[in-house]
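Peer 1:
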Amino acid sequence: MQYFLHDGQDQYGPFTLDELRSQSLLKPDTLVWCEGMTEWLKASHIEELKAVLKSVPPPLVKPPAITIPGTKASPAPLMLQPASSGFAAWKAIAIIVVVLVLAYAGYAVYDKQQQENQEQERIVREESLKKQVRDNIRAYVQAGNSEYRISVLGGVYGLSITVSNQTEYLLDNVRVLIRYIKANGETWKEETLDFALVPPNNKMTLRAPDSDRGTSVDYKIVSIKSEALGL
């Protein structure tokens with residue numbers, strides 16, 4: 001049986017068992033390989049070399065360089081420990097990814113909170129504006145009349161009423177009461193006009209019923225309904 005030795009850098013051999021014993025080449029941690037082995041093993045792990053290790057005293061001098069002759073069998077390559085730099089690189093990348101994820105999550109939470117705060121502020125401003133409009137609704141919603149004809153014998157013809165919505169909100173219904181007045185100041189009759197869905201910042205005009213009596217008219221807004229304003 002022939003043995004090859006390896007000191008971690010260079011390979012030596014082959015040697016017979018007697019040569020190993022006589023030349024004191026073995027130490028317990030010397031890497032050894034021979035035919036039939038799949039990998040390098042320490043000499044202390046090979047059964048037939050244990051007797052050699054016991055009989056060989058520690059060498060006093062460094063053994064001379066040995067020329068490696070050609071051999072029939074090639075020893076298995078020495079498996080060295082892989083460098084840890086690859087693991088360190090992956091670890092660094094993983095840490096960077098975790099930091100980025102946490103930073104993004106923190107920003108998302110912050111951004112969401114900012115949006116919620118802005119929305120709450122918008123709602124407060126909107127409610128304040130609505131209250132101001134509700135409290136002064138008659139200043140924002142007004143009615144006016146067109147020219148109309150008065151008959152010689154009495155009677156009102158061609159009257160139109162226009163409702164003006166000067167708010168930013170839809171008016172669902174505006175009711176106008178029209179009073180037809182006789183020459184003596186008494187009311188001849190009353191009519192109502194319902195203005196439905198008056199758009200924001202817009203006007204709506206409706207034709208009033210004609211009357212065969214009366215010499216003048218009077219009108220006023222009697223109700224305003226708006227879901228948007230809470231009216």
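Take the sequence shown: its letter number 151 is residue 151 in UniProt numbering, and every next letter is one higher.
The beta-carbon is built from N, C-alpha and C at its ideal position, and this holds for glycine as well.
1. If we ignore side chains and look at the alpha-carbon of each, how far apart do V52 and I95 end up?
2. Below 8 Å between beta carbons: does that hold for V222 and T167?
3. Would Y157 and D210 qualify as a contact pair, given that the criterion is a beta-carbon distance under 8 Å?
4. Could you tell me which residues DSSP puts in a beta bridge with E191?
5. What would DSSP say about W90, mapped onto helix, strand or coil?
6. Under 8 Å between the Cβ atoms of S216 and I161?
7. Can you tell which of V32, K27, S151 has its C-alpha closest to the C-alpha of M1?
8. Is G106 helix, strand or coil when you go by DSSP?
9. How should L4 be labelled, buried or exposed, when 16 other C-beta atoms within 10 angstroms of its C-beta is the threshold for buried?
10. Which value, in whole angstroms, describes the spacing of the CA atoms of N173 and W188?
11. What's the gap between the Cα of L231 and the Cα of V141?
12. From the DSSP output, read off the bridge partner residues of T162.
13. Name the one or two DSSP bridge partners that Q11 has.
14. Put N184 into one of helix, strand or coil per three-state DSSP.
15. State the beta-bridge partners of Y157 as determined by DSSP.
16. Kindly indicate which three-state DSSP category D135 falls into: helix, strand or coil?
17. Starting from D212, trace the beta strand (DSSP E) in both directions and tell me its first and last residue.
18. So, is I93 buried or exposed, given that buried needs 16 or more other C-beta atoms within 10 angstroms?
19. Beta-carbon separation of L171 and K220 under 8 Å?
Peer 2: On the basis of the coordinates in this document:
1. For the purposes of this step, residue 52 is taken as residue 52 along the sequence shown, with counting starting at 1. For the purposes of this step, residue 95 is taken as residue 95 along the sequence shown, with counting starting at 1. A direct Cα-to-Cα measurement between V52 and I95 gives close to 52 Å.
2. In the sequence shown, counting from the first residue as 1, residue 222 sits at position 222. In the sequence shown, counting from the first residue as 1, residue 167 sits at position 167. It is not a contact, given that the beta carbons lie outside the stated cut-off.
3. On the sequence shown, position 157 is the one that residue 157 refers to. On the sequence shown, position 210 is the one that residue 210 refers to. In this structure, D210 lies closer than 8 Å to Y157 by Cβ.
4. Within the sequence shown, the letter at position 191 stands for residue 191. DSSP lists I178 as partners of E191.
5. For the purposes of this step, residue 90 is identified with residue 90 of the sequence shown, where counting begins at 1. Residue state, collapsed to three classes: helix.
6. To locate residue 216, count along the sequence shown from 1; it is residue 216. To locate residue 161, count along the sequence shown from 1; it is residue 161. Taking 8 Å as the cut-off, the beta carbon of S216 is found no closer than this to the beta carbon of I161.
7. Counting from one through the sequence shown, the residue named residue 1 turns up at place 1. Answer by Cα proximity: V32.
8. Counted from its first residue, the sequence shown places residue 106 at position 106. Note: G106 maps to helix in three-state DSSP.
9. Residue 4 sits at position 4 when you count from the first residue of the sequence shown. In the sequence under discussion, the amino acid at residue 4 is Phe, which differs from the Leu named in the question. Its Cβ being crowded by 16 or more others within 10 Å, F4 is buried.
10. As a working mapping, residue 173 is identified with position 173 in the sequence shown. As a working mapping, residue 188 is identified with position 188 in the sequence shown. Distance between the alpha carbons of N173 and W188 is about 26 Å.
11. On the sequence shown, position 231 is the one that residue 231 refers to. On the sequence shown, position 141 is the one that residue 141 refers to. So the alpha carbons of these two residues sit roughly 13 Å apart.
12. One-based indexing of the sequence shown puts residue 162 at position 162. In the DSSP output, where bridge partners are listed per residue, T162 has G144, T205.
13. Taking the sequence shown and counting its residues from 1, one reaches residue 11 at position 11. Beta-bridge pairing links Q11 to H6.
14. Counted from its first residue, the sequence shown places residue 184 at position 184. Of the three classes helix, strand and coil, the one that applies to N184 here is coil, per DSSP.
15. Taking the sequence shown and counting its residues from 1, one reaches residue 157 at position 157. Answer is R149.
16. Mapped onto the sequence shown, residue 135 falls at position 135. Residue state, collapsed to three classes: helix.
17. Walking along the sequence shown from the start, residue 212 turns up at place 212. Run containing D212: none; DSSP gives neither H nor E here.
18. Within the sequence shown, numbered from 1, the residue matching residue 93 stands at position 93. Answer is exposed; the Cβ neighbour count stays below 16.
19. For the purposes of this step, residue 171 is identified with residue 171 of the sequence shown, where counting begins at 1. For the purposes of this step, residue 220 is identified with residue 220 of the sequence shown, where counting begins at 1. L171 is not a Cβ neighbour of K220, given a cutoff of 8 Å.
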